[in-house]
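For the sequence shown, the tail end lands on 1265 under my numbering, and the numbers increase by one without skipping.
Input: a single structure, listed below in structure tokens.
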Amino acid sequence: MKIAVVGTGYVGLVTGVCLSEIGHEVTCIDIDSEKVEKMRTGFSPIYEPGLDKLMLKNIRERRLFFTTDNNQGLQGVNAIYIAVGTPEREDGSANLSFVEQVAKEIAENVTSDVIVVTKSTVPVGTNDKINKIIQSHLVNKVKVFVVSNPEFLREGSAIHDTFYGDRIVIGADNDAAADLIEEINKPFGIPVFRTDLRSAEMIKYASNAFLATKISFINEVANICERLGANIEDVAVGMGQDSRIGNQFLNAGIGFGGSCFPKDTKALVQSADSVGYNLQIVKSAMRVNIEQQEVLLEKLNDRFDNNLEGKRIAILGLAFKPNTDDMREAPSIIITNKLVEQGAEIIAYDPIAMDNAKKILNENITYSENLEGALYKSDAALILTAWNELKLIDLSNLDKLMSNPIIFDGRNSFNLDEVKKYNIEYYSIGRPEIVNSFVES
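Pasting the structure below:
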């Protein structure tokens, strides 16, 4: 089928590329002409493993196109996917101005019957609003139906998630429209769940809020484990073997970040508040997450008697998670700001995200082009992102490389029995600390 995707951010670009990969003719539309020119050559503006390769393949096979021209991109298509951003407002609600603008542009440009598919994460009731905007601004006498088709992609594994997802949710109030979108997705071979528009919108928010709550819960249990002498990793394994609980999202650490969980939990809370309901569990999960991001700072300050002035601190990992360059709501933002306030000298390293980090983090931070440079003569190192490269640090070399071989691991990167073999001091999340008397401060 012939498809248009409006918006080439994370969701839009991945969606467009993957739809072209299963045989559809896809035109991705974006207002940024420089970005469009780069994408036409197969250059992805976002870091996502495997995306560049798929882009180039489908461009060469003439199934994937890019344009800034709405009129050109929207002509004769079977479906139009809305995949523009819904950034957070100051009150936590979703800013729908980009979605509303796209709805008007669709109404002004379509000349044949079409299905409009909302991929953007939007509050319950938004698709009804999109439909009203389109119907009230239609220039030509055509039929337009709106379908909700939320995405469930994880940054860093979005290509895999698209082709091997658990389910495809289609929300529609018109069976024929839902049938068409199900047909478009049929080559993925993923189970389809059909429901109404508002339930589909809520499924997205409720799913993310539940996973965020699960992360905050395991982090609270980890904090208890430290105080009671238990090991959170064993606790999580024992919990996860219960089929009612499952083993995913039970990795203790320094909290969640990124473009989805923080924004979507706030938006859900704001939606609940707007109808007079106090969403207590989700509010608590959000509060716990903010507090959890500073757990490593507390450990660091305890170790150095609340005196970090002039201490050289290596920050290892800046992105909110591995396999992405996304800095949105990354714990590194809060942690580095606090360290700068306390007078620490920060040397940071991330395999992918440093260019984005430089636009966001404090200007007093120094960056290293490699891991060894960040660790060199440092008084302590904080691991903030679970990059595989960081998990492969040569622990035997730290006492030679660092001034003080002291590691504060916010992602529990190393096995404790392995750590005990080396001349280092090690603090992690929800596990016993390993302290050696030889380390000088």
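Yeah, the Cβ is synthetic: ideal placement off N, Cα and C, and Gly gets one too.
Bear in mind that the values here come from a model prediction, so they are computed numbers and not experimental data.
Considering only SER857, THR832, ASN895 and ILE994, the residue with the shortest C-alpha distance to SER868 is THR832.
Its Cα nearest to that of VAL993, the residue ILE1014 stands out among ILE1014, ILE983 and GLY980. Here the alpha carbons of VAL901 and GLN959 stand approximately 18 Å from one another.
Apart from the 5 residues on each side of it in sequence, ILE1027 sits with its Cβ closer than 6 Å to the Cβ of VAL993 in its chain, given in chain order.
By the criterion of a C-beta distance shorter than 6 Å, CYS852 is surrounded in its chain by VAL829, THR832, GLY840 and PHE890, once the five residues flanking it on both sides are discounted. Boundaries of the beta strand (DSSP E) harbouring VAL968: 968-972, taken from the DSSP string. The Cβ-Cβ distance between ARG1152 and SER1083 falls below 8 Å.
Cα atoms of ARG1111 and ASP997: separation of roughly 37 Å, rounded to the nearest angstrom. Burial check for GLU861: the Cβ neighbour count within 10 Å stays below 16, so the residue is exposed. Scanning its chain for C-beta atoms nearer than 6 Å, with the 5 sequence neighbours on each side dropped, one finds around ALA1210 the residues PRO1146 and ARG1235, in chain order. In this structure the stretch 1001-1019 does not touch the stretch 944-962; the number of beta carbon pairs closer than 8 Å is below three. The alpha helix (DSSP H) runs lying completely inside the stretch 1169-1251 and spanning 4 residues or more are 1178-1184, 1195-1199, 1212-1215, 1222-1225 and 1240-1243, given in chain order. For the pair THR910 and ALA918, the CB atoms are nearer than the 8 Å cut-off. Contact between ASP1174 and LEU1142 holds, since their C-beta atoms are separated by about 4 Å, short of 8 Å. Between ASN951 and VAL934, the alpha-carbon positions lie close to 18 Å from each other. Here the stretch 1090-1101 does not lie against the stretch 1157-1165, with fewer than 3 beta-carbon pairs under 8 Å apart. The criterion of a C-beta distance shorter than 8 Å is not satisfied by ILE883 and LEU837. With a cut-off of 8 Å on Cβ pairs, the stretch 1068-1080 is in contact with the stretch 1115-1124, counting three or more such pairs. Bridge partners of PHE867 according to DSSP: none are assigned. Closest in C-alpha terms to LEU880, from the list ASN894, GLN896, PHE1232 and MET863, comes MET863. For the set GLY1197, SER1237 and ILE1230, the Cα lying nearest the Cα of LEU1216 is the one of SER1237.
With contacts defined as CB atoms closer than 8 Å, SER857 and LEU888 fail to qualify as a contacting pair.
PHE1073 sits in coil when the DSSP states are folded into three classes, being neither helix nor strand.
Taking the C-beta atoms as reference points, GLY980 is found nearer than 8 Å to PRO873.
Spanning the alpha carbons of GLN1104 and LYS1162 requires a straight line of approximately 29 Å. CYS842 sits in a helix when the DSSP states are folded into three classes. If you draw a straight line from the Cα of ILE1189 to the Cα of LEU1132, it comes to about 15 Å.
Just so you know, the alpha carbons of GLU1242 and ASP893 end up roughly 57 Å apart.
Sequence-distant partners of ILE1176 (beyond 5 residues in either direction) whose C-beta falls short of 6 Å from its own C-beta, in its chain, are TYR871 and ASP1149. No Cβ-Cβ contact shorter than 8 Å links LEU1222 with ILE1258.
Scanning ASN1047, TYR1251, SER1252 and ALA1076 for the CA closest to the CA of VAL1061 turns up ALA1076.
Boundaries for THR942: no alpha helix (DSSP H) harbours it, while the beta strand (DSSP E) harbouring it runs 938-942, taken from the DSSP string. The residue from SER1252, GLU929 and ILE939 with its alpha-carbon nearest to that of LYS826 is ILE939. At a cut-off of 4 residues, the continuous stretches assigned as alpha helix (DSSP H) that sit fully inside the stretch 1104-1145 are 1104-1116 and 1119-1127.
TYR905 has VAL829 and VAL941 as its beta-bridge partners, per DSSP.
When DSSP reads this structure, LEU888 sits in a beta bridge with VAL850.
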